[in-house]
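To keep things clear, I will list the structure first and then write my remarks on it.
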Amino acid sequence: GSVRSGVAMVPSCVLVHASVQPRDCSDVLASGVSVDGVYSVFPTHDPEGFMVYCDLSTDGGGWTVIQRREDGSMNFFRGWEAYRDGFGTTTGEHWLGLHRIYTLTRSGGYELRIDMADFDNATAFACYSDFSVGRDSVNPEEDGYPLTVDGYSGTAGDSLLKHSGMRFTTKDRDQDQSENNCAAYYQGAWWYRNCHTSNLNGQYLRGGHASYADGVEWSSWTEVPARNSRSHLDAWLWFWNQPP
1 GSVRSGVAMV PSCVLVHASV QPRDCSDVLA SGVSVDGVYS VFPTHDPEGF MVYCDLSTDG
61 GGWTVIQRRE DGSMNFFRGW EAYRDGFGTT TGEHWLGLHR IYTLTRSGGY ELRIDMADFD
121 NATAFACYSD FSVGRDSVNP EEDGYPLTVD GYSGTAGDSL LKHSGMRFTT KDRDQDQSEN
181 NCAAYYQGAW WYRNCHTSNL NGQYLRGGHA SYADGVEWSS WTEVPARNSR SHLDAWLWFW
241 NQPP
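When we follow UniProt numbering, the leftmost residue of the sequence shown carries the number 1, and every step to the right adds one.
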């Protein structure tokens, strides 16, 4: 698969509406569109639709972006409602929103891809062949928008499988298995267990720092000795619908 650097790429602000109502960015790609940009999608379980950023070029295209960290311009240390509903700018740093991710992935059949880069432009990626949030849940918010993920491949190492099955925790809603609130302690929001091997909504830290594991973390890649002093990490999370 191809590797994409969040540092090197500044996506263009392209706003396009496909002629047929697509369920996600894989449908946008299938309609014959090939330009990266912001598109309207209409998931089966959310017919009113919403805007997403579609990457239609990386590794075959068709990727729906659900999170982007690239310059530290957006505060990600937020509460439950912000993470449920989403925040940020679709063409820049943003979190799509747990409920939107749920409506897109609840039926399964999706692959997750995470691309990351550090200040020295070293890049890596991780893919998971099975990804969903709130799978088969009737009351996803009450259930905590649990993560389902399996089937790792890539160059960054696996730092997410231990989080599978966990509920999402924010600083004001503690749903992890730690005595402490992992989100408050590590200044992020994630599907923490006790506490994390990845923390992609952590602080956007620049250069070396004294605190531990509270930045944008992917432990199998960020904690290797050669990279410890370069704690900054850009991350893109996106997924696509696997063909039947």
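Every residue gets a Cβ at the ideal spot worked out from N, C-alpha and C, and that includes glycine.
- Two segments are said to touch when three or more pairs of C-beta atoms, one from each, lie closer than 8 Å; by this definition the segment 50-64 touches the segment 24-39.
- When the alpha-carbon of residue 160 is set against those of 45, 110 and 148, the nearest one is in 148.
- In summary, residue 93 is buried, with 16 or more beta-carbon neighbours lying within 10 Å of its beta-carbon over all protein chains present.
- With 16 or more other Cβ atoms inside 10 Å of its own Cβ, residue 90 counts as buried.
- At the C-beta level, residue 69 and residue 204 come within 9 Å of one another.
- Take residue 46, set aside five residues on each side of it, and the residues of its chain with a beta-carbon closer than 6 Å to its own are 103, in chain order.
- The beta carbon of residue 126 is closer than 6 Å to those of 114, 154 and 156 in its chain, skipping five residues each way along the sequence.
- Below 8 Å, too few C-beta pairs join the segment 131-143 and the segment 173-182 to call them touching: fewer than three.
- Just so you know, the alpha carbons of residue 109 and residue 64 end up roughly 14 Å apart.
- Spatial neighbours of residue 77 in its own chain (CB-CB distance under 6 Å, excluding positions within 5 residues in sequence) are listed in chain order as 187.
- Between the beta-carbon of residue 50 and that of residue 100 there is about 6 Å, and that keeps the pair under the 8 Å contact cut.
- Sorting 62, 146, 162 and 175 by C-alpha distance to the C-alpha of residue 111 places 62 at the top.
- Note on geometry: alpha-carbon atoms of residue 166 and residue 202 lie some 17 Å from one another.
- Under a 10 Å Cβ-count criterion, residue 88 is classified as buried, with 16 or more other Cβ atoms of the shown protein chains found around its own Cβ.
- Considering only 52, 48 and 44, the residue with the shortest C-alpha distance to residue 25 is 52.
- Between residue 168 and residue 146, the C-beta spacing is below 9 Å.
- Per DSSP, the continuous beta strand (DSSP E) segment holding residue 127 begins and ends at 123-133.
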